[in-house]
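**Q** The structure that follows is given in the form of structure tokens.
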Amino acid sequence: MNALSQLDADRVRGILGDDLIADVSSHGDVVFAVRRAGVRRVLRELRDDDTLRFDMLMDLSGVDRLRLRQQYERYEVIYELYSLWNGWRLRLRVPVPESDLRIDSIHDLWKAANWSEREVYDMFGIVFEGHPNLKRILCHHEFVGHPLRKDYDRTRGQWCATSESLHDELQHKHDEERRRAREAGANEPSEADIDERLLVNIGPSHPMSHGTLRVLVELEGETVIHAIPEIGYLHRGFEKSAEKSSWNNVMPYTDRLNYVSALSNNVAYVKAVEKLAGIEVPDRCKFIRVIINELSRIMDHCVCNAANIVDVGALTNFWYLFQVRENIYKVIEKLTGARLTNTYARVGGLARDLYPGFEDDVRNVLRDSMHYVHDVIKLVKKNRIFQERTVGVTPIRAEDAINYGWTGPCLRACGVPLDARKRDGYYFYDEFDFEVPVGENGDAFDRIFVRFEEIFESARIIEQALDKLPGGPVNTEHNQWVLPPKDEVYSDIEPLMNHFMLVMFGTPVPPGETYDSFEVPNGELGFYVVSDGTGTPYRVRVRPPCWYLYQAYPQMIEGSMIADMAAGLGGLNVVAGELDR
Amino acid sequence: MGFEPLLWVLPLAIVVPLVLLGAQKLLAPRRPSAEKGEPYECGVPALGSAHQRLPIKFYLVAVLFLLFDIEVVFLFPWSVAFSKLGWIGLTQMLLFLGFLEVALVYVWLKGALEWEE
Amino acid sequence: MGRVNRQLVSDEPFITTRVDTALDWARKNSLWPLPFGTACCAIEFMGVVSSQFDISRFGAEVVRFSPRQSDLLIVAGTVVYKMGPILRTIYDQMADPKWVISMGVCASSGGFYDDYCTMQGIDQIIPVDIYVPGCPPSPDLFLDGLVKLQKKIDDQRILQKA
Chain A
-2 MNALSQLDAD
8 RVRGILGDDL
18 IADVSSHGDV
28 VFAVRRAGVR
38 RVLRELRDDD
48 TLRFDMLMDL
58 SGVDRLRLRQ
68 QYERYEVIYE
78 LYSLWNGWRL
88 RLRVPVPESD
98 LRIDSIHDLW
108 KAANWSEREV
118 YDMFGIVFEG
128 HPNLKRILCH
138 HEFVGHPLRK
148 DYDRTRGQWC
158 ATSESLHDEL
168 QHKHDEERRR
178 AREAGANEPS
188 EADIDERLLV
198 NIGPSHPMSH
208 GTLRVLVELE
218 GETVIHAIPE
228 IGYLHRGFEK
238 SAEKSSWNNV
248 MPYTDRLNYV
258 SALSNNVAYV
268 KAVEKLAGIE
278 VPDRCKFIRV
288 IINELSRIMD
298 HCVCNAANIV
308 DVGALTNFWY
318 LFQVRENIYK
328 VIEKLTGARL
338 TNTYARVGGL
348 ARDLYPGFED
358 DVRNVLRDSM
368 HYVHDVIKLV
378 KKNRIFQERT
388 VGVTPIRAED
398 AINYGWTGPC
408 LRACGVPLDA
418 RKRDGYYFYD
428 EFDFEVPVGE
438 NGDAFDRIFV
448 RFEEIFESAR
458 IIEQALDKLP
468 GGPVNTEHNQ
478 WVLPPKDEVY
488 SDIEPLMNHF
498 MLVMFGTPVP
508 PGETYDSFEV
518 PNGELGFYVV
528 SDGTGTPYRV
538 RVRPPCWYLY
548 QAYPQMIEGS
558 MIADMAAGLG
568 GLNVVAGELD
578 R
Chain B
361 MGFEPLLWVL
371 PLAIVVPLVL
381 LGAQKLLAPR
391 RPSAEKGEPY
401 ECGVPALGSA
411 HQRLPIKFYL
421 VAVLFLLFDI
431 EVVFLFPWSV
441 AFSKLGWIGL
451 TQMLLFLGFL
461 EVALVYVWLK
471 GALEWEE
Chain C
18 MGRVNRQLVS
28 DEPFITTRVD
38 TALDWARKNS
48 LWPLPFGTAC
58 CAIEFMGVVS
68 SQFDISRFGA
78 EVVRFSPRQS
88 DLLIVAGTVV
98 YKMGPILRTI
108 YDQMADPKWV
118 ISMGVCASSG
128 GFYDDYCTMQ
138 GIDQIIPVDI
148 YVPGCPPSPD
158 LFLDGLVKLQ
168 KKIDDQRILQ
178 KA
């Protein structure tokens, strides 16, 4: 939040008019409760207003307030808006009564809303009127019930016997195509034309699919005419599991969101909880969090680029870039005890302080491993074949990217210099000297090279952070949050009781809700956390960056060839753990 | 002259496949099932039939490949006997390649090597 | 599959034992994995095939994503109910002989995801030969599992229809 220009809440109130129920701002956020009937009008005016310009829909989610102090209705749909030009955030809470679970869809205002509304329907059962394709998106098509409702038993699993054929969505696409041809005055594709096209399922088990992504493509020769993605093949119930754990016990689940950059997810989560609980962490903790976030960024970009370049066909680079990751793993394993899923951050600080020799290890790793990245760049950047495969391939315009809710290196590759580290300046990022690499065309080449440049910038930040690293404690002095030292736990009764209460029941966070975001390697990872005053979270909503990135994929590849699908998908860094949660 | 290697290669070419196939018949497990025979479509039941008309562009690419591939095949015996054929052999081969290169340039300029129109 | 025979004087015919040993040796040293990678364990599997841990020393370097071309199904990562039919189909389409390694605790028993969408172990739908614990298992632990699978293959009696 820029201190120079604060959001003009009165202007927002003016737009809301009679649809405003109440001002429910808290924790430094500007939040309004809005009537359901006026939601479309309000959101359109907020987006189109010349001063406010809330052009980005950061998140659309739902909350079941059954066990909270009932404020308005049982359900609420939360709209998290962001103004790219001003850096302002605004949240709208729209109550939806249990007796009439309907609300207007806003998929035509922001394309980002399309899948998010499907998810709210899947998880809560709220029907979005006017949505073109309101089906389940994360749970399988044979699922009965809505899992994030408070009355759905968490452990009640439901088997799925068949996979969905997606023919209904294909039919929509054909109808769309006919309609567009009619409007353009061109010939409509006949049944014979459509029959000649080849339907290929590039399914969940495919090397290109980066895990569990499924795309049904309709091909004419090598050209993709229609692409229908299906996700949810790694939906593991993060948000429901978080509702049974204590605030710190959610940490291992956050590791497994974007599992290639687990440390960043840990920090993003505790940052949100600390904002909700009003905890301030010591400076040393902030610097360490910056260092591990940047190390995580280097690791994530290495894997993303390695996979992307392998998909294009250059295998050697995968081994080189993976070695960078292995070298950093050695340091991380010494620090946190694990290579991949670290669970290092805690609410109020970190699990443990740095080990002696950490600084030298990190400096050595950075010095010795950067040559792998330089080698890979030398191998691919001027290579004619690589350029043919990635330059101009699956481009996206900045306006579309913003409408889809893109953040992170993919948005920067389109030319939009949005980086939360520079914009918000948390954790002393405003004191570091680093640049934000920005691309031009938003094509696959730009996405790869923005990430390479970010690796070098991260190395610079780490060097500076290590130079400036202050001494002092690493955990906050609120002893409600921090586990007492183990030698005291084993010798005195009071620390033992304290330890017992903290581990068994968790530390209570005052009731309230907030949204906080953090620039993880993939973009803006946001957490919308709701507390009911106990040591267990009431609701932890993840705003996954790659959810919004992957939504744009069909638009990017329709009209390109199959080979371009691979080059385009790799650059989005769609990690299913974060996409499906 | 020098056809004895053929007398070695031909029996080998017959015996080796027979041995491999025979060993497989004797030793390999054989458990066919309906699911096993289904076409692979990344784990999802196969959609539609593969017996349909394919775009003509694939045929064009295949035919061009065939032509230039046969050209390369002719290079092999020439390169083995290269030293014995001398300058005359080199000139003949260059003429042969030259004719085919004219064909390649024609195809290139006509745009047949571009996938999209 | 027969039982391990540790007698000094074997009562099995000499020729078939030798053929069995040769076949088992050939099969165990040329496993072609099908990495059915879904989640974090797939990243550690990438570490296994990378230069640091190098699965190719065990002969299993050739990863093939087609069930027709592979004989070792490595399920690396959580399998959710939605993925069940896919996994079952892939397993069914693999040609015999085939083995399954369940990599990680999520594939072995659901891990710490005890909820409405996660299958509590892939052995509910396909037979598993080796369970490798860990969240995720480090690459050397996975290679230990692979070696155990090789020992298990060694014990297979192909010609003796036991």
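Here the protein sequences line up with chains A, B and C, keeping their order.
Heads up, the first sequence is in the numbering used here, so the first residue is -2 and it goes up one at a time.
Heads up, the second sequence is in the numbering used here, so the first residue is 361 and it goes up one at a time.
Heads up, the third sequence is in the numbering used here, so the first residue is 18 and it goes up one at a time.
Note that beta-carbon positions come from the ideal geometry of N, C-alpha and C, so glycine has one too.
If you're wondering where the values come from, they're calculated on a predicted model, not measured in any experiment.
What does Pro415/B reach in chain A if we use C-beta pairs closer than 7 Å?
**A** Glu217 and Gly218
**Q** Show which residues of chain B have a CB atom less than 7 Å away from the CB atom of Gln110/C.
**A** Glu395, Lys396, Glu398 and Tyr400
**Q** Pick helix, strand or coil for Leu1/A, following the three-state DSSP scheme.
**A** Any reading at Leu1/A must be qualified, since the residue scores a pLDDT of 43, below 50, and its modelled position is unreliable; no value is offered.
**Q** Checking 9 Å against the spacing of the C-beta atoms, do Pro481/A and Asn495/A come in under that value?
**A** yes
**Q** Taking 8 Å as the threshold, find out whether the stretch 72 to 80 of chain C comes into contact with the stretch 205 to 219 of chain A through three or more Cβ pairs.
**A** no
**Q** List the endpoints of the continuous beta strand (DSSP E) containing Ala19/A.
**A** Leu17 to Asp20
**Q** If Gly345/A and Trp478/A are in contact, beta carbons under 8 Å, what's the gap, nearest whole angstrom?
**A** 4 Å
**Q** For the alpha helix (DSSP H) containing Asn314/A, name the first residue and the last one.
**A** Thr313 to Thr333
**Q** What residues in its chain sit with their C-beta under 7 Å from that of Trp544/A, if we drop five residues either side in the sequence?
**A** Trp112 and Leu576
**Q** When the Cα atoms are used, what is the spatial distance from Val462/B to Gly218/A?
**A** 28 Å
**Q** Can you list, in chain order, the residues of the stretch 143 to 162 of chain C whose Cβ is nearer than 8 Å to any Cβ on chain B?
**A** none
**Q** My guess is that Gly523/A and Tyr535/A are in contact by the Cβ rule of under 8 Å, so how many angstroms apart are they, rounded?
**A** About 17 Å; that fails the 8 Å criterion.
**Q** Can you find the residues in the same chain that come closer than 6 Å, C-beta to C-beta, to Met18/C, ignoring five residues on each side of it along the sequence?
**A** Its pLDDT being 47, under 50, Met18/C is placed unreliably in this model, and the value from its coordinates should be taken loosely. Answer for Met18/C: Gln173, listed in chain order.
**Q** If contact means a Cβ-Cβ distance below 8 Å, which residues of the stretch 236 to 247 of chain A contact chain C?
**A** Lys237 and Ser238
**Q** Since Arg322/A and Val300/A should fall inside the 8 Å C-beta cutoff, what is the C-beta to C-beta distance between them, to a whole number of angstroms?
**A** 6 Å
**Q** Does Thr251/A have its Cβ less than 9 Å from a Cβ in chain C?
**A** No, no contact with chain C.
**Q** What number of angstroms, rounded off, separates the C-alpha of Ile225/A from the C-alpha of Val404/B?
**A** 14 Å
**Q** Give me the Cα-Cα distance between Ala560/A and Ala59/C, rounded to the nearest whole angstrom.
**A** Approximately 23 Å between the Cα atoms of the pair.
**Q** Taking Cβ-Cβ distances shorter than 9 Å, what residues in chain B pair up with Pro201/A?
**A** Cys402, Gly403 and Val404
**Q** DSSP beta-bridge partners for Arg88/A?
**A** According to DSSP, which records beta bridges pairwise, Arg88/A is partnered with Val28/A and Glu77/A.
**Q** Count the C-beta pairs between the stretch 431 to 441 of chain A and the stretch 364 to 380 of chain B that are closer than 8 Å, then say yes if the count reaches three, no if not.
**A** no
**Q** Going along chain A in order, which residues have a C-beta closer than 9 Å to the C-beta of Phe418/B?
**A** Gly218 and Glu219
**Q** Across the stretch 299 to 313 of chain A and the stretch 566 to 574 of chain A, are there enough close Cβ pairs to call them in contact, namely three or more that are closer than 8 Å?
**A** The stretch 299 to 313 of chain A is in contact with the stretch 566 to 574 of chain A.
**Q** Taking the alpha helix (DSSP H) that Ser67/C falls in, what are its first and last residues?
**A** It is not in any alpha helix (DSSP H) - Ser67/C carries neither H nor E in the DSSP assignment.
**Q** According to DSSP, simplified to helix, strand and coil, what is Met53/A?
**A** strand
**Q** Name the one or two DSSP bridge partners that Asp61/A has.
**A** BP columns for Asp61/A point to Tyr72/A.
**Q** Would you call the stretch 397 to 414 of chain A in contact with the stretch 462 to 475 of chain A, where contact means no fewer than 3 C-beta pairs closer than 8 Å?
**A** With the rule of 3 Cβ pairs closer than 8 Å, the stretch 397 to 414 of chain A does not count as touching the stretch 462 to 475 of chain A.
**Q** Using a C-beta to C-beta distance shorter than 8 Å, which residues of chain B count as neighbours of Ser83/C?
**A** Tyr400
**Q** What separation, rounded to the nearest whole angstrom, lies between the Cα atoms of Ala573/A and Val423/B?
**A** 42 Å
**Q** Ignore the nearest five residues each way along the sequence and tell me which others in Leu363/A's own chain have a CB closer than 6 Å to its CB.
**A** Ala456
**Q** Starting from Leu381/B, find everything on chain C with Cβ-Cβ shorter than 8 Å and list it in chain order.
**A** In chain order: nothing, as chain C lies at least about 16 Å away.
**Q** Check this for me: beta carbons of Gly258/A and Asp297/A, under 9 Å apart or not?
**A** Checking the displayed sequence, the identity of residue 258/A turns out to be Ser instead of Gly. Yes. Within cutoff.
**Q** With distances taken between CB atoms, is the gap from Ile459/A to Val370/A smaller than 9 Å?
**A** no
**Q** Which runs of the beta strand (DSSP E) fall wholly inside the stretch 74 to 160 of chain C and span at least 3 residues, in chain order?
**A** 89 to 93, 116 to 120 and 147 to 149
**Q** Are the CB atoms of Glu227/A and Met120/A nearer to each other than 9 Å?
**A** no
**Q** Give the residues of chain F in contact with Leu424/B, contact being defined as C-beta atoms less than 7 Å apart.
**A** No chain F appears in the structure shown, which is made up of the protein chains A, B and C.
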